[in-house]
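Undergrad:
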Amino acid sequence: MSQYTATAAPTGPIVADLRSDTVTQPCAQMRAAMAAAEVGDDVYGDDPCVNRLEASLAARLGKEAGLFVPSGTQSNLLAMLAHCGRGEEVISGESYHVIRYEAAGASVLGGVALQALPVADDAAVEAADVTAAIKEDDSHHPISRLLSLENTNYGKAVPLPRIEAAVAAGRKGGLSLHLDGARFFNAITALNCTEAALADPFDTVSVCLSKGLGAPIGSVLLGPADLLARARRMRKMLGGGMRQAGILAAAGLYALEHNVERLTEDHARAEALAAHLEKLGLGEVSHATNMVFLTPRAGVDLAPLAAHGIRTSTPVPSMRLVLHRDVDDKDFDKILAAFSAVT
Ligand SMILES: *Cc1c(COP(=O)(O)O)cnc(C)c1O
2 MSQYTATAAP
12 TGPIVADLRS
22 DTVTQPCAQM
32 RAAMAAAEVG
42 DDVYGDDPCV
52 NRLEASLAAR
62 LGKEAGLFVP
72 SGTQSNLLAM
82 LAHCGRGEEV
92 ISGESYHVIR
102 YEAAGASVLG
112 GVALQALPVA
122 DDAAVEAADV
132 TAAIKEDDSH
142 HPISRLLSLE
152 NTNYGKAVPL
162 PRIEAAVAAG
172 RKGGLSLHLD
182 GARFFNAITA
192 LNCTEAALAD
202 PFDTVSVCLS
212 KGLGAPIGSV
222 LLGPADLLAR
232 ARRMRKMLGG
242 GMRQAGILAA
252 AGLYALEHNV
262 ERLTEDHARA
272 EALAAHLEKL
282 GLGEVSHATN
292 MVFLTPRAGV
302 DLAPLAAHGI
312 RTSTPVPSMR
322 LVLHRDVDDK
332 DFDKILAAFS
342 AVT
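Going letter by letter, the sequence shown gives residues 2 to 344 in my numbering.
1. Any heavy atom of ligand 1 inside 7 Å of the beta-carbon of Asn52?
2. Does DSSP put Thr205 in a helix, in a strand, or in coil?
3. Rounded to the nearest angstrom, how far is the Cβ of Lys212 from that of Arg184, given a contact under 8 Å?
4. To the nearest angstrom, report how far apart Pro27 and Leu257 are at their CA atoms.
5. For the stretch 144 to 218, which segments carrying the beta strand (DSSP E) assignment without a break, of at least 3 residues, lie completely within its bounds, in sequence order?
6. Pick helix, strand or coil for Ser21, following the three-state DSSP scheme.
7. Any idea if Met243 is buried or exposed, counting beta-carbon neighbours within 10 angstroms, 16 or more meaning buried?
8. Under 8 Å, do Ile189 and Leu178 count as touching if we go by C-beta distance?
9. Please check if any C-beta of chain D sits within less than 8 Å of the C-beta of Leu283.
10. For the alpha helix (DSSP H) holding Ile92, just list the boundary residues, first then last.
11. What do you reckon, are the CB atoms on Leu295 and Leu337 nearer than 8 Å?
12. Between the stretch 100 to 116 and the stretch 42 to 53, can you find at least three pairs of beta-carbon atoms closer than 8 Å?
13. Who sits around ligand 1, taking every residue whose Cβ is closer than 5 Å to one of its heavy atoms?
14. Can you check DSSP and say which residues form a bridge with Val343?
15. Quick one, which of Gly174, Asp122, Ala59 and Asp139 has its alpha-carbon nearest Arg163's?
16. With a CB to CB cut of under 6 Å and the five nearest residues on each side skipped, what residues in its chain are close to Arg270?
17. Which whole runs of the beta strand (DSSP E) in the stretch 66 to 119 are 3 residues long or more, in chain order?
18. Could you name the residues of the same chain whose beta carbon sits closer than 8 Å to that of Cys85, not counting the 5 residues immediately before and after it, in chain order?
19. Under the assumption that Ala117 contacts Ile144 (Cβ atoms under 8 Å), give the Cβ distance between them as a whole number of angstroms.
20. The beta strand (DSSP E) spanning Ala128 covers which residue range?
21. If contacts are defined as beta-carbon pairs under 8 Å, then Phe69 and Val317 qualify, I think. What distance do you get, rounded to the angstrom?
22. Less than 8 Å between the CB atoms is what I'm expecting for Ser76 and Ser207, so what's the real figure, rounded?
23. Counting along the chain, where does the beta strand (DSSP E) carrying Val328 start and finish?
24. Taking the CB atoms as reference points, tell me whether Val301 and Leu274 lie closer together than 8 Å.
25. How many whole angstroms separate the CB atoms of Gly13 and Gly310, which I take to be in contact at a CB cut-off of 8 Å?
26. Note down, in chain order, each residue of its chain lying with its Cβ closer than 8 Å to the Cβ of Arg53, except the 5 sequence neighbours on either side.
27. Rounded to the nearest angstrom, what separates Thr290 and Leu82 at their Cα positions?
Below is the structure:
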């Protein structure tokens, strides 16, 4: 089982779904923007909304080009395939998504080796571990090619100096750099830095529009134009070339305009939920950005959560509770009350 395994669904109406921020529904205004989107065939490069999304996000992050893709997994995969050839390797963190949750796609499809490093308590990989993992030029070894970092990781925003240390070790060893920024905007919110500041150490950055930003589908890969041209070819190969994709890009443009600043609300509610769980003494509690983790004490009965309409992941051993834009103050009070009913 993993964090993605859900507990029994509530039998009555669902008050709040805390399994993930991917469960967010497009709001009425976002749906209106989608319906009104001017579209074209994006495989021909003709879709104005897709082109606007790619260009505007590239400008915000200080990169040359962008590529709109169906999912964060495909975005990371395209980055790894564009950076690495067969027999080359990606170095990353053992709990990072590219190692643990992407079905080893780069290995399966690209003949790319995945080398996992320990991840520190603050979700960083240590510069010394990066240096030690970079292989010398010897016919026994895969060719070390790419360091792939992640921010946020399990909700934790890795501080910039920690990222820069790992990046410097990678650069020194001749590696290219990729950031899995599925929750990039949660990270810049928590770090209180600009988008360009977090993107700058990396050649390529992947961001998801379908998590806390609330778009229904889509991620964008940002980076140098020549590398993204290779990624674009592979997107087509993987079946990710979408036609009138402006319908989806319009949702992403709406999300970037309206749903970034409000992430502070999710972070504040996560902090408040963590304090409430601490006070109730239900077990071990931690929180970071929009996520709370509860490791229930032995004997704690979580059944009242479902009875109160709260949908959660299964504790394995810790339960991940994710705050997002479909939880408002009224829902939040009900979440607190549901946990108060846990014994
Ligand atoms: C969600 C996520 C992804 C990509 O997820 P998709 O479901 O494929 O969009 C990648 N990395 C991290 C850290 C994620 O949380």
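Ideal placement from N, C-alpha and C gives every residue a C-beta, glycine not left out. A quick note: this is a predicted structure, and the numbers were derived from the prediction, not measured.
TA: Answer, in terms of the structure:
1. The sequence position of residue 52 within the sequence shown is 51, counting from 1. With a cutoff of 7 Å, Asn52 does not count as near ligand 1, since its C-beta is closer than that to no heavy atom of the ligand.
2. Sequence index remark: in the sequence shown, residue 205 carries index 204 (1-based). In this structure, Thr205 counts as strand in the three-state DSSP scheme.
3. Residue numbering aside, residue 212 sits at position 211 when the sequence shown is read from its first letter. Residue numbering aside, residue 184 sits at position 183 when the sequence shown is read from its first letter. Taking a contact as a CB-CB distance under 8 Å, the pair Lys212 and Arg184 counts as one, their CB atoms being some 6 Å apart.
4. Taking the sequence shown and counting its residues from 1, the one referred to as residue 27 is at position 26. Taking the sequence shown and counting its residues from 1, the one referred to as residue 257 is at position 256. Roughly 13 Å between the two C-alpha positions.
5. 144 to 151, 177 to 182 and 205 to 209
6. Locating residue 21 in the sequence shown gives position 20, where the first residue counts as 1. Looking at Ser21 - three-state DSSP - the assignment turns out to be coil, as it is neither helix nor strand.
7. For the purposes of this step, residue 243 is taken as residue 242 along the sequence shown, with counting starting at 1. That one is buried.
8. Walking along the sequence shown from the start, residue 189 turns up at place 188. Walking along the sequence shown from the start, residue 178 turns up at place 177. No, they are not a contact pair.
9. Absent here is chain D; the protein component of the structure consists of one chain.
10. Along the sequence shown, one-based indexing puts residue 92 at 91. Counting along the chain, Ile92 falls outside any alpha helix (DSSP H), though it belongs to the beta strand (DSSP E) covering Glu89 to Gly94.
11. Locating residue 295 in the sequence shown gives position 294, counting from the first residue. Locating residue 337 in the sequence shown gives position 336, counting from the first residue. Result no, Cβ atoms of Leu295 and Leu337 do not sit closer than 8 Å.
12. Too few Cβ pairs lie closer than 8 Å, so no.
13. Ser72, Gly73, Thr74, His98, Asp181 and Ala183
14. Taking the sequence shown and counting its residues from 1, one reaches residue 343 at position 342. None, per the DSSP bridge assignment.
15. Taking the first residue of the sequence shown as 1, we reach residue 163 at position 162. Closest by alpha carbon: Asp122.
16. Locating residue 270 in the sequence shown gives position 269, where the first residue counts as 1. Counting only Cβ-Cβ distances below 6 Å, and skipping sequence neighbours, we find Leu324 and Phe333.
17. Fully enclosed beta strand (DSSP E) runs of 3 or longer: 66 to 70, 89 to 94 and 114 to 118.
18. Within the sequence shown, the letter at position 84 stands for residue 85. A distance below 8 Å between beta-carbons, with the five flanking residues on each side excluded, links Cys85 to the following residues of its chain, in chain order: Val91, Ala107, Gly111, Val113, Arg146 and Leu147.
19. By 1-based counting over the sequence shown, the position of residue 117 is 116. By 1-based counting over the sequence shown, the position of residue 144 is 143. That pair is no contact at about 17 Å.
20. The residue labelled residue 128 in the question sits at position 127 within the sequence shown. Where Ala128 is concerned, there is no enclosing beta strand (DSSP E), although the alpha helix (DSSP H) it sits in stretches over Ala128 to Ala134.
21. Reading the sequence shown from its first residue, position 68 is the one you call residue 69. Reading the sequence shown from its first residue, position 316 is the one you call residue 317. Between Val317 and Phe69 the Cβ distance is about 34 Å, and since that is not below 8 Å, they are no contact.
22. In the sequence shown, counting from the first residue as 1, residue 76 sits at position 75. In the sequence shown, counting from the first residue as 1, residue 207 sits at position 206. Between Ser207 and Ser76 the Cβ distance is about 4 Å, and since that is below 8 Å, they are a contact.
23. Residue mapping note: residue 328 aligns to position 327 of the sequence shown, counting from 1. Boundaries cannot be given for Val328, as no beta strand (DSSP E) includes it and DSSP labels it neither H nor E.
24. Along the sequence shown, read from residue 1 onward, the residue named residue 301 stands at position 300. Along the sequence shown, read from residue 1 onward, the residue named residue 274 stands at position 273. No.
25. Residue numbering aside, residue 13 sits at position 12 when the sequence shown is read from its first letter. Residue numbering aside, residue 310 sits at position 309 when the sequence shown is read from its first letter. Going by Cβ atoms, the distance from Gly13 to Gly310 rounds to 6 Å, so yes, they are a contact pair.
26. Position 52 of the sequence shown, counting from 1, holds the residue named residue 53. Contacts found: Ala250 and Leu254.
27. For the purposes of this step, residue 290 is identified with residue 289 of the sequence shown, where counting begins at 1. For the purposes of this step, residue 82 is identified with residue 81 of the sequence shown, where counting begins at 1. Rounded to the nearest angstrom, the two C-alpha atoms are 30 Å apart.
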